[in-house]
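Numbered according to the working numbering, the sequence shown spans residues 302 to 676.
First comes the structure, then the notes that go with it.
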Amino acid sequence: MKISVIAGLTSVLLVLCHSAYAQSASLEQTLALASEKMFAASGASGMVTAVVRGDTLLIQSYGETEQGNGQRPNANSLLRVGSMSKVLASELMVKLAKEGRLKLTDPLQKYAPHGAQVPQISRYTPITLLSLATHTSGLPRSASGKAPEHAAPFTWPDHAARWHWLHRQMPILVPGTHARYSNVAYDLLADAISTAGGKPYAQLLREKITIPLGMHDTTLTPTAEQCGRLMVGAGIDPAGPCTDTRATGGSGGVYSTANDMGLWMQHLLGISQAAPAAQRAVCQAIYVQRQELASIEGLDLAGRASGLGLGWVLLAATDHSPAILQKTGGGGGFMSYMALVPGHKLGVFVAISKVDMEMFSRMTQAVNALLVSLD
Numbered sequence: 302m303k304i305s306v307i308a309g310l311t312s313v314l315l316v317l318c319h320s321a322y323a324q325s326a327s328l329e330q331t332l333a334l335a336s337e338k339m340f341a342a343s344g345a346s347g348m349v350t351a352v353v354r355g356d357t358l359l360i361q362s363y364g365e366t367e368q369g370n371g372q373r374p375n376a377n378s379l380l381r382v383g384s385m386s387k388v389l390a391s392e393l394m395v396k397l398a399k400e401g402r403l404k405l406t407d408p409l410q411k412y413a414p415h416g417a418q419v420p421q422i423s424r425y426t427p428i429t430l431l432s433l434a435t436h437t438s439g440l441p442r443s444a445s446g447k448a449p450e451h452a453a454p455f456t457w458p459d460h461a462a463r464w465h466w467l468h469r470q471m472p473i474l475v476p477g478t479h480a481r482y483s484n485v486a487y488d489l490l491a492d493a494i495s496t497a498g499g500k501p502y503a504q505l506l507r508e509k510i511t512i513p514l515g516m517h518d519t520t521l522t523p524t525a526e527q528c529g530r531l532m533v534g535a536g537i538d539p540a541g542p543c544t545d546t547r548a549t550g551g552s553g554g555v556y557s558t559a560n561d562m563g564l565w566m567q568h569l570l571g572i573s574q575a576a577p578a579a580q581r582a583v584c585q586a587i588y589v590q591r592q593e594l595a596s597i598e599g600l601d602l603a604g605r606a607s608g609l610g611l612g613w614v615l616l617a618a619t620d621h622s623p624a625i626l627q628k629t630g631g632g633g634g635f636m637s638y639m640a641l642v643p644g645h646k647l648g649v650f651v652a653i654s655k656v657d658m659e660m661f662s663r664m665t666q667a668v669n670a671l672l673v674s675l676d
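And the structure:
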């Protein structure tokens with residue numbers, strides 16, 4: 302009888318192991334087929350992907366780290382994730398809110414440098430941390446002015462330059478009424494986070510997100526060794542030197558790897574090293590519905606935005622697709638895209654070493670289709 306039971310259990314385990322192996326192989330094949338098509342259509346020199354489905358994290362790479370060098374990228378190749386920096390900033394903001402150091406509804410003025418004045422169209426509707434994070438502050442995409450000659454990507458405007466610029470602005474939009482994608486809004490948000498946290502923004506990012514999650518290559522201050530692993534991008538916004546990008550840490554200065562982005566997706570999806578459910582809900586909630594806005598600008602690149610969260614853009618569910626939380630990024634020779642289906646513990650990250658808006662729009666659609674096929 303005991304032998305019969307053991308044999309039965311062994312058979313069950315073999316079936317389960319075979320099933321898990323088959324599912325993993327199927328995921329790898331599906332991802333490889335979709336990724337190869339994306340890479341071939343991109344015209345880029347290199348591409349990396351990370352896919353999370355349940356407990357599985359799969360990373361694949363294509364091409365070369367630099368055109369013609371014959372070196373294939375890998376999970377630890379360094380890249381610029383651009384505006385993915387914004388959702389890192391918003392998560393950091395939520396962590397400080399949980400600690401009681403700030404409120405999402407706080408006016409930016411509360412955290413302004415001494416003597417600086419945040420312009421407002423009405424004292425009843427100031428620019429708040431929430432309006433900065435949802436791109437509804439009324440601020441433009443970028444601060445006007447001329448960067449220093451030969452400035453590296455993501456090194457301007459610095460703290461002094463953007464606050465000097467802000468002081469001279471005449472607001473024309475009431476916060477919360479229009480959505481305009483804004484990089485300068487997120488750098489001002491990072492300044493507020495730093496003030497609220499009592500430490501430099503880069504230090505808070507390390508202490509509260511990247512070190513706890515083991516994201517050792519996610520940084521604003523890459524070492525010489527990390528810079529030696531940086532892929533070289535191209536396109537309409539070409540690559541520059543690997544350098545300190547703390548000046549724009551909130552909007553786009555973060556360096557990372559496919560491996561680190563995979564770890565972060567597992568965290569965001571509640572799979573490993575998850576934040577408390579209530580905190581994830583705050584981070585991934587939708588705060589502004591499209592129909593509430595008089596206009597929306599710069600937020601439909603990966604699909605029609607139905608709602609805006611803390612850096613995240615919601616693509617509404619359809620008859621053929623689940624609801625998708627997504628974030629695009631670009632600059633310094635790279636374009637990147639992260640798309641999540643939180644309730645299904647499913648996420649995809651893709652980074653490509655070429656800046657080309659038409660190509661990138663097609664790539665985001667391909668990633669969205671990949672999510673549907675994996676769901």
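Beta carbons are placed, not taken as given, at the ideal position from N, Cα and C, and that holds for glycine.
Model, not experiment: these values are computed from the prediction.
With distances taken between CA atoms, C584 lies nearest to G610 out of I597, I510 and G610. Annotation note: the segment 333-408 contains the following uninterrupted alpha helix (DSSP H) runs of length 4 or greater, listed N- to C-terminal: 385-399. Remark: three or more beta-carbon pairs, one from each stretch, lie closer than 8 Å, so the segment 653-661 and the segment 622-636 are flagged as touching.
Here the alpha carbon of D518 sits roughly 27 Å from the alpha carbon of L433.
Within a 10 Å sphere around the beta-carbon of M566 sit 16 or more other beta-carbons, which makes this residue buried.
Counting along the chain, no beta strand (DSSP E) covers L672; the unbroken alpha helix (DSSP H) around it starts and ends at M658 to L675.
Beta bridge pairing from DSSP links S596 with H479. Ranking D676, Q574, L594 and G632 by CA distance to the CA of P476 puts L594 first. If you draw a straight line from the Cα of I625 to the Cα of V642, it is about 5 Å long. Comparing C-alpha distances from H621 to each of V673, G612 and R581 shows the shortest one belongs to V673. Annotation for L611: no alpha helix (DSSP H) segment contains it, and DSSP assigns it neither H nor E. Of the other Cβ atoms in all chains shown, fewer than 16 fall within 10 Å of the Cβ of R605; this residue is therefore exposed. Within the same chain, and ignoring the five residues on either side of L431 in sequence, the residues whose Cβ sits closer than 7 Å to its Cβ are L405, T406 and Y588. Residue P408 holds the alpha-carbon nearest to the alpha-carbon of S423 among G416, P408 and Y412.
Looking from the CA of N560, the closest CA among A335, V353 and L332 belongs to V353. The segment 474-493 makes contact with the segment 539-557: 3 or more CB pairs, one atom from each, lie closer than 8 Å. Rounded to whole angstroms, the Cβ separation of M348 and A667 is 12 Å, and the two are not in contact under 8 Å. S637 sits in a strand when the DSSP states are folded into three classes.
Here I473 is exposed, its C-beta having fewer than 16 other C-beta atoms within 10 Å. Here A652 is bridged, per DSSP, to V349 and S637. Cβ-Cβ distances below 7 Å link G515 to L564 in the same chain, with the five nearest sequence neighbours on each side left out; the list follows chain order. In the three-state reduction of the DSSP assignment, K628 falls in the strand class. Distances from the alpha-carbon of P623 to those of A575, D676 and K411 put D676 closest. Of the residues H568, E329, S343 and T331, the one whose Cα lies closest to the Cα of E659 is S343. Judged by DSSP in its simplified three-state form, S557 adopts strand. When the beta-carbon positions are compared, H468 and Q418 come within less than 8 Å of each other. When the five nearest sequence neighbours on each side are left out, the beta carbons in the same chain lying within less than 6 Å of the beta carbon of G439 are those of P472, L474 and P476, in order along the chain. Under DSSP, no beta-bridge partner is assigned to L430.
In the DSSP annotation of this structure, I494 is not part of any beta strand (DSSP E); the continuous alpha helix (DSSP H) holding it starts and ends at N484 to G498.
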